[in-house]
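Some notes on the structure that comes next.
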Amino acid sequence: MNNEKKLSVYLDRIEELEDGSATAVFLLEEEEDEFREFVLPADFLPEDAGEGEYLTIKISLDTDKTAEALDEARELLKNT
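Quick note: the sequence shown uses my numbering, first residue -10, plus one each step.
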C-alpha cells in the first residue's frame, strides 16, 4: 500500500484578506480542461513561490502519529 500521494498544482493567485492574512488559491487539473480549485493559507507556501508557478504538494500518512493517538485513546477508554 502506498502511503504517499504527490499532487502537481498551479498557484493561480494569492488573495489578501481583510484581517491582513492571505490565502493561496490552487488549481488541480482533474481531466483535460477540467480543474478543481482549493485554498490554503498563504503562509504554507515556500518563501519564493509566486502566482503562476507549479508546486508539488505531498500528502503522506504519518503512521507514527496515528499509532500514538490510538494508544492515547485506548488508555483513556481503559481509565473510564
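Using N, Cα and C, we set each Cβ at its ideal position, and we do this for glycine too.
Euclidean distance between Cα positions of residue 30 and residue 4: 10 Å
Separation of residue 8 from residue 17, as counted between CA atoms: 27 Å
Residue -2, buried or exposed, once every other Cβ within 10 Å from all chains shown has been counted against 16: Buried, by the Cβ-count rule.
Proximity below 8 Å, CB of residue 15 to CB of residue 26: yes
Burial state of residue 62, where buried means 16 or more other Cβ atoms lie within 10 Å: exposed
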